[in-house]
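Since the structure comes first, as structure tokens, the remarks are kept for the end.
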């Protein structure tokens, strides 16, 4: 997290320690309101379309819970959707007897747009849900083209942008999504424990609301009746860490000041350089596929124990992740791997640090 984000969080917590949580919230209402404005400017929407929640998965689940599924309804998704999303779909299939259909990938590796349209015509899905960038791959899905198809057939469209907001330009008007979920950490450099949900005017006008709506999202107007709020607040909870909301606003502001026109080319260039240099190391196999690739680099490294590799990287102060087989069952089965090393350079990384990572991996010798 950059300094302004940390300062905003600490200042709010300090205020809570002095006057109390509710009182700090009341005293900081203008600053908290600004956090919605910063998110709205970043995504090209209105502040009323933003809900702050605890994580990207929380945001996604709230949107998913708002869809009034009936037995036999179809969710159309991709083969590369995030593990938690896939599990949610399967849970709905088990509990509500909906149908889960996945659009196959095209030759390049991303979702086949023509097949998506064919399946939308065939199944008339209640929801199309797509992960913009999978956690286990550098693939960038063509969410804009999918959105155009969804608009054409008036299908509700949910986009998981957890890995894309902050590294690629994300314009909800261009994507034409009804919902977009994301985290504040990762490429936005915001606090962990905070996420957000974009809710379109169309979704609000349809009356979509989370299954477990609470007093933040609705008014209890009669003994047996409640009225949802007209804006994105209906997807929020009353109890929330407002220190993290303020930190989130600062993270959006910080990214906006640097500019996505600077961030996106920088991270994409660093990742491309990393891929090119890793491809020159014997035994390392790059795993990223797709017409467009992002700043997540995945590869197969000759090691029988991924923890051995993790320790080696940690000894050299290199932060890296490992995606396991059960994170991406369909994708990894196709690629024939049990796990993948995941490297994600950000704009503050240097070319020298990319070279250092390459050198450390070149020198790695499995135990």
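Numbering (my numbering), first residue to last: 96 to 462.
By construction, the Cβ of each residue, glycine as well, lies at the ideal position given by its N, Cα and C atoms.
{"Check": "So residue 396 and residue 438 are supposed to be a Cβ contact under 8 Å. How far apart are they, rounded?", "Outcome": "Actually they are not in contact, since the Cβ atoms of residue 396 and residue 438 sit about 11 Å apart, beyond 8 Å."}
{"Check": "Given a cut-off of 8 Å, decide if residue 165 and residue 266 are closer than it, judged by their beta-carbon atoms.", "Outcome": "no"}
{"Check": "If you drop the 5 nearest sequence neighbours on each side, which residues of the same chain put their C-beta closer than 6 Å to that of residue 271?", "Outcome": "242, 246"}
{"Check": "Pull the bridge partners of residue 322 from the DSSP assignment, please.", "Outcome": "314"}
{"Check": "Specify the secondary structure class of residue 371 as computed by DSSP and reduced to three states.", "Outcome": "helix"}
{"Check": "Give me, in chain order, the residues of the same chain whose beta-carbon lies closer than 6 Å to that of residue 295; leave out the 5 immediate sequence neighbours on both sides.", "Outcome": "273"}
{"Check": "Nearest to residue 361 by CA position, among 378, 431, 440, is which residue?", "Outcome": "440"}
{"Check": "With distances taken from CA atoms, which of 414, 204, 436, 426 is nearest residue 448?", "Outcome": "414"}
{"Check": "Thinking C-alpha only, which one of 252, 115, 280, 227 is nearest residue 297?", "Outcome": "252"}
{"Check": "Is the beta carbon of residue 342 less than 8 Å from the beta carbon of residue 285?", "Outcome": "yes"}
{"Check": "Residue 395 bridges to which residues according to DSSP?", "Outcome": "380"}
{"Check": "Taking 8 Å as the threshold (C-beta atoms), are residue 389 and residue 363 in contact?", "Outcome": "yes"}
{"Check": "Quick check on DSSP: helix, strand or coil for residue 443?", "Outcome": "coil"}
{"Check": "On the criterion of 16 or more Cβ atoms from any shown chain inside 10 Å, does residue 157 qualify as buried, or is it exposed?", "Outcome": "buried"}
{"Check": "I need the DSSP call for residue 335, collapsed to helix, strand or coil.", "Outcome": "coil"}
{"Check": "Quick check on DSSP: helix, strand or coil for residue 424?", "Outcome": "helix"}
{"Check": "When you compare the CB positions of residue 187 and residue 193, do they come within less than 8 Å of one another, or not?", "Outcome": "yes"}
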